[in-house]
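The numbering of the sequence shown is this note's numbering, which starts it at 44 and goes up by one.
A virtual CB, placed ideally from N, CA and C, is assigned to each residue, including glycine.
This structure is a prediction, so every number in the text was calculated from the model and none was measured.
Remarks on the structure that follows.
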Amino acid sequence: MSNKDKNDRISNPGYIAKWSNLFVNRWKISILLIIAIIIGGVFSAATLNREGFTEVNIPIGIVSTVMPGATSTDVEKKVTREIEEAVSPLEKVESVESFSSNSFSNVIVEFEFGADVDKKIQELKSAVSTASLPDEAEKPEIKQIAAGGVSMLINLIGDYKRAELNNYAEVVEKRIKDGVTGVGKVNIIGGSDFEIKIKVDLSKMNKQDITFTQIKEAIAAKNISIPGGSIKSEGKDLSIEVSHELNKIEDIKNIVIKQKVETPKVSAPTTSQNVTRQNNKSASSSANQSANQSQSQQTAGSAEPQASAAASQAVSMAQAKPKIKTIRLKDIAKVVRESNDEDVIQRAGYLRDGKAHSANSVTLEVRRKSDADTTVISKEVRDLLKDVFKDSEIPEDLDYEVVFEDANMVKRELGSLFQSGWQGLIIVFIILMIFVSFRSSLIISTVIPLVLLIVLLIFKLFDLTLNIITLFALILTLGIIVDNAIVMVEATLHHLNLGRKKFKAALAAVAEVGPAVFSATLTTIIVFIPMAFIGGVMGEFIKYIPYTVIAAIGASFFIAVTFIPLIAGRFVKPTQKSSEGRIKKEEEIKHWRLIDWYGSFMKKALNKTTFMILIAFVALGLLAFSLWIPATGKVKSVTFPDLDSEYLITKMDFAKGTSTKVQDRVIKEVEDQVVTIPNFINYSFIAPMGAMSGSGSGRTIYVGIGDPRDRDESSFDLAQELREKVKNIKGTAIRIEQESAGPPASEYPIFAQINGDDINKLKKAAIEAGEYLESLNDVSIVKNGIKGETEPQLRIKFDKNKMEDKNILPAQAAATVRGVFSSEEVSKIRPDNASESISLNLVAQKKFKDNQKDLEELKIATLDGKKVELKEVAEVSKVNELATINKYNGKRYINVKANLKEGADLKEIEGKLKDFFSESKLDEFDLNENAISFRGQMKMDMEAMDKILVMLVLALILVYTILVAQFNSFLQPFVIILAVPLALTGVFPGLWATGNVISFMSNVGVVALVGIVVNDAIIYIDYANQLHRKGNGFVESLVLAGQVRFKPILSTSLTTIGGIMPLALTSDFWSPIGTAVMSGLLFSTIGTLIVMPAVYTLLHNFNGVVNRLLGREEVAN
44 MSNKDKNDRI
54 SNPGYIAKWS
64 NLFVNRWKIS
74 ILLIIAIIIG
84 GVFSAATLNR
94 EGFTEVNIPI
104 GIVSTVMPGA
114 TSTDVEKKVT
124 REIEEAVSPL
134 EKVESVESFS
144 SNSFSNVIVE
154 FEFGADVDKK
164 IQELKSAVST
174 ASLPDEAEKP
184 EIKQIAAGGV
194 SMLINLIGDY
204 KRAELNNYAE
214 VVEKRIKDGV
224 TGVGKVNIIG
234 GSDFEIKIKV
244 DLSKMNKQDI
254 TFTQIKEAIA
264 AKNISIPGGS
274 IKSEGKDLSI
284 EVSHELNKIE
294 DIKNIVIKQK
304 VETPKVSAPT
314 TSQNVTRQNN
324 KSASSSANQS
334 ANQSQSQQTA
344 GSAEPQASAA
354 ASQAVSMAQA
364 KPKIKTIRLK
374 DIAKVVRESN
384 DEDVIQRAGY
394 LRDGKAHSAN
404 SVTLEVRRKS
414 DADTTVISKE
424 VRDLLKDVFK
434 DSEIPEDLDY
444 EVVFEDANMV
454 KRELGSLFQS
464 GWQGLIIVFI
474 ILMIFVSFRS
484 SLIISTVIPL
494 VLLIVLLIFK
504 LFDLTLNIIT
514 LFALILTLGI
524 IVDNAIVMVE
534 ATLHHLNLGR
544 KKFKAALAAV
554 AEVGPAVFSA
564 TLTTIIVFIP
574 MAFIGGVMGE
584 FIKYIPYTVI
594 AAIGASFFIA
604 VTFIPLIAGR
614 FVKPTQKSSE
624 GRIKKEEEIK
634 HWRLIDWYGS
644 FMKKALNKTT
654 FMILIAFVAL
664 GLLAFSLWIP
674 ATGKVKSVTF
684 PDLDSEYLIT
694 KMDFAKGTST
704 KVQDRVIKEV
714 EDQVVTIPNF
724 INYSFIAPMG
734 AMSGSGSGRT
744 IYVGIGDPRD
754 RDESSFDLAQ
764 ELREKVKNIK
774 GTAIRIEQES
784 AGPPASEYPI
794 FAQINGDDIN
804 KLKKAAIEAG
814 EYLESLNDVS
824 IVKNGIKGET
834 EPQLRIKFDK
844 NKMEDKNILP
854 AQAAATVRGV
864 FSSEEVSKIR
874 PDNASESISL
884 NLVAQKKFKD
894 NQKDLEELKI
904 ATLDGKKVEL
914 KEVAEVSKVN
924 ELATINKYNG
934 KRYINVKANL
944 KEGADLKEIE
954 GKLKDFFSES
964 KLDEFDLNEN
974 AISFRGQMKM
984 DMEAMDKILV
994 MLVLALILVY
1004 TILVAQFNSF
1014 LQPFVIILAV
1024 PLALTGVFPG
1034 LWATGNVISF
1044 MSNVGVVALV
1054 GIVVNDAIIY
1064 IDYANQLHRK
1074 GNGFVESLVL
1084 AGQVRFKPIL
1094 STSLTTIGGI
1104 MPLALTSDFW
1114 SPIGTAVMSG
1124 LLFSTIGTLI
1134 VMPAVYTLLH
1144 NFNGVVNRLL
1154 GREEVAN
């Protein structure tokens, strides 16, 4: 056998080389497979749905129950507690939170992510049906939070009444529903549904001895439509319908509720009146009658006047007739047509001809289906709106304004990502050309489109969307997916230079580096697997990162061992040949003087113990410095950074009890300032004004400022300018916010929950915690849940024995009382023969809800047709009760919430609040250590950090386990894992130097680095082992491995950095993770080439000394 044949021979090729050999020898199958990938990928790219950030739908069910007339305490004891106990056996429940107030109970059940929501809602309904609720409580209503994202908000604006605006909104709503297939739901906000309200005056109703039941029965009798059978006429069946329907408000007002007979009251006449009557009698009376009358008067004497009066009164009573009095609905109630949210106001501001205008408005909220493309929906809705507003149904002076359009952000962010991707691709190609030949660069670059097409095909197969998260993950892997191909091509070139034939060289390269490439791929993938299963809001938000990275890295390995050997074997050429047709290894690595210098430096360093110790200590010092940066707050920490967005969010917090008039005045002042900021386009405001005085919750104005690419000032600058304009407005606390990336978060970033059974202890802790937060400079608004804690409430306590004695059903009594406290639908009508019916609702006028006297006199019908007053069967009393009783997972709580000033460090304030609730402070409040829990943004932050730490530790364990299996050693995997702390030496200095923040995404980048940075170390150590097995010395093997793998290690690191660099430099959201990966990888690469060999040599030498001292034979790795 010739030397050439021996050289071409591959000993022990392994499974990976055999796989490659299959596709090299059957190259036609490879060509067909590549064509199939291209066709499938292109089809997928054309048909994939696009969306913005990943839709995070929190699986929540809400159980609402009405118990008319019950105080918050009674509702909590008799309703809320029963429902909580009924739902407690349900599985996959994250939390159960309840709110009990006067007459109402709301229980919010949050399920774990991943649970089948529809199935869980059915289970919730079944569980609630088993609750033992009092007879006076109504049947609970169970609702599910709607899924599907909001695609558009459209304002209809004009000087019209709300009823008119609502009618026009209904026209537009129907056209959108019918004309756009991807729309799941269209809600009318601010217009709401209109209804006919019968507002009863309890005082008049009681005076007329009328009950709510009588009113309902009277309405039902006048508004009927029932089938009357059928008759045959001329051989055909004709249906008969008995119909008497109400269609006008006047008809409703005139409904007869009751008729009663009244006898006129008659008073006794006086003597003078009797004389007058006698004189007025007919002159035709007979003379005989006159004589007799005269005689009688003379004999009667003084008794005449009394007898005459009695006779006259008898005559008057005989002449009086009884009267029938008709009591109509209008006599005891007001009948009006209004929105079921009559206290909601809505205004919109907009620009026309350079001037700001304001008018009444109604907003249409367009929600897409979960599988719909938001950009397609946006275009179709806009096209449809143009047609709708040309129709005669819509008046010419009615305007519309699209105040929010998710598609704009999607197109902008996806466009930015695509642009960054192309720029990254160009940088990667340039780097490849620097490190390898132009021919090799082209071969390596073929991996990128093939991997992207495979990933898109996988997205299509698994019904995933092309969103901002998936596209970022593709860019993150842009420089990583070429790593395997780089190593394969470089190894192929190495074997070509050794004199092997083309395809034999390619297969020999696979046999040599295939196992190491497989391990490197596996370690990268294994790091991202835990990230896909972290669960919760954060897990749901970032799950597409591991999905995409795993698919891309897996595809890159598949291509590297399937197609690259075929392409490299065909097109790669050796760099130079000696006269013998071969190149020595020493000559191969001397292409760069840098490599020569590196080899000389490492040879000296690895032979001097003091030099190696110095290198180790320098690395340790850099790591300590890096960790010092976040520990001292040099880099600000946020969960997700704000974005330079298309709108500002102006939030106003009013004190509880602030009148509607004052709030409306303040809001108008804010609106007047909003329209003066640069780049103002429109604003939209909606608030339940009637609820304002009682709720104390915030009011929000959304201010449109246009696409960030079309203005000079950022939303951050405009927000600051608006803060200056509104800072002197009195009567409310105002904060200006921008759109925040990431999943839904709490309105208040600081949210502490104080749990316990003793309300006085909770109050004390909440008050002091609130005062402490108010003392901090960076805190703007503090709410401690104590102000307005109690309120006077009417308590109605039924006596079951008395009800039985009076022959009253509990349900009948409860239904009667409900009419006072809440609206009840009693019928439906079609006003003016409209196409759709609206509700006819019965409710007491608001002023009677707190009127004890009229409530006590409320009439209740008995089973035997009588009526009794409420006070005869129930005790009506006025008590001071908690306005709302809050419970979380069965425990009562009071919360302390706070908002922060612009630029405040959330992590710092969180830490101070945690320190406030020290062990000694809890003892002072007489609360146990579990009494304090954190929710909202604080809870999200803590959970995110816990999950990051778990992912990091799990990633390290999994990677180490794989490396132990590959290298059959405990020492070498430990040395390889050193690449991770070496990466950390660069992460935090990089964030600090670039002015970035430590965010959840930057922490994800740190976890990703575990799988990325070890790849270079694996390639390095694996090749050093091969050289050592061939007889080279330990230090010589490390030095030579470093020189031979210098270019592949440096090029793979730089391609990863280059791929993500454009995105890190241009995107506020992605900059933290991009910077973390780039700076970490840069430091890790330098450390892999210098620090790792030094530490490895120190450990190897130490191991040798120990073995010699113990008399054991040294084992070569």
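Y791 sits in coil when the DSSP states are folded into three classes, being neither helix nor strand. Shortest Cα-Cα distance from N198 to any of P673, S172 and I232 involves I232. Within the same chain, and ignoring the five residues on either side of E184 in sequence, the residues whose Cβ sits closer than 7 Å to its Cβ are S107.
Here R482 carries a helix assignment [DSSP, helix/strand/coil].
The criterion of a C-beta distance shorter than 7 Å is satisfied by G1029 and G1123.
Cβ contact annotation for D202 (same chain, cutoff 6 Å, sequence separation greater than five): A402, in chain order. Taking 7 Å as the cut-off, the beta carbon of D696 is found no closer than this to the beta carbon of A595.
Ranking V152, K162, E128 and G112 by CA distance to the CA of S146 puts G112 first.
Under the DSSP definition of a beta bridge, E444 partners with N198.
Judged by DSSP in its simplified three-state form, F156 adopts coil rather than helix or strand. Bridge pairing for G747: Y690 and N725 [DSSP]. The alpha-carbon of D842 is positioned some 37 Å away from that of I881. Sixteen is the threshold: when 16 or more other Cβ atoms of the shown chains lie within 10 Å of the Cβ of A887, as they do, the residue is buried. With respect to the C-alpha of S404, the residue from N850, Q389 and E915 having the closest C-alpha is Q389.
Contact annotation: the segment 664-683 touches the segment 1030-1043, with at least three C-beta pairs closer than 8 Å.
In the three-state scheme derived from DSSP, where H, G and I count as helix and E and B as strand, I298 is classed as coil. In chain order, E238, K240, S866 and E868 place their CB closer than 6 Å to the CB of N884, counting only its own chain and leaving out the 5 sequence neighbours on each side. Cα atoms of S758 and A563: separation of roughly 43 Å, rounded to the nearest angstrom. An exposed status is given to T652, since fewer than 16 other beta-carbon atoms sit within 10 Å of its beta-carbon. Of all alpha-carbon atoms in E448, G95 and K121, the one lying nearest the alpha-carbon of N149 is that of K121. With fewer than 16 other Cβ atoms from the protein chains shown falling within 10 Å of its own Cβ, S702 counts as exposed. The straight-line gap separating the alpha-carbon atoms of Y690 and G227 is approximately 25 Å. Exclusion of the five residues before and after S1127 leaves A1022, L1025, A1026 and V1056 as the residues of its chain whose Cβ lies within less than 6 Å of its Cβ. Taking each of I851, R708, I572 and I529 in turn and checking the Cα distance to T1099, the smallest one comes out for I529. Judged by DSSP in its simplified three-state form, F644 adopts helix. A contact between stretches requires three or more CB pairs, one per stretch, nearer than 8 Å, and the segment 982-1001 fails this requirement with the segment 712-724. Out of E953, N938, L609 and G84, the CA that lies nearest to the CA of K826 is found in N938. Distance check between L504 and each of F86, A926, V1050 and T535 places F86 closest, using alpha-carbon atoms only. In the pairwise beta carbon analysis, the segment 1046-1055 is classified as touching the segment 1110-1124: at least three pairs are separated by under 8 Å. Beta-bridge annotation (DSSP): E140 is paired with I151 and Y931. Taking 7 Å as the cut-off, the Cβ atoms of G392 and V718 count as close. Distances from the CA of T743 to each of I477, Y726, V1047 and E153 were compared; the closest alpha carbon is that of Y726. Here P573 is not near L999, since their CB atoms are 7 Å or more apart. By the Cβ neighbour-count rule, P492 is exposed, with fewer than 16 other Cβ atoms within 10 Å of its own. For G104, DSSP records a beta bridge to V152 and Q187. In terms of CA proximity to L550, A534 leads the group A534, L565 and V560.
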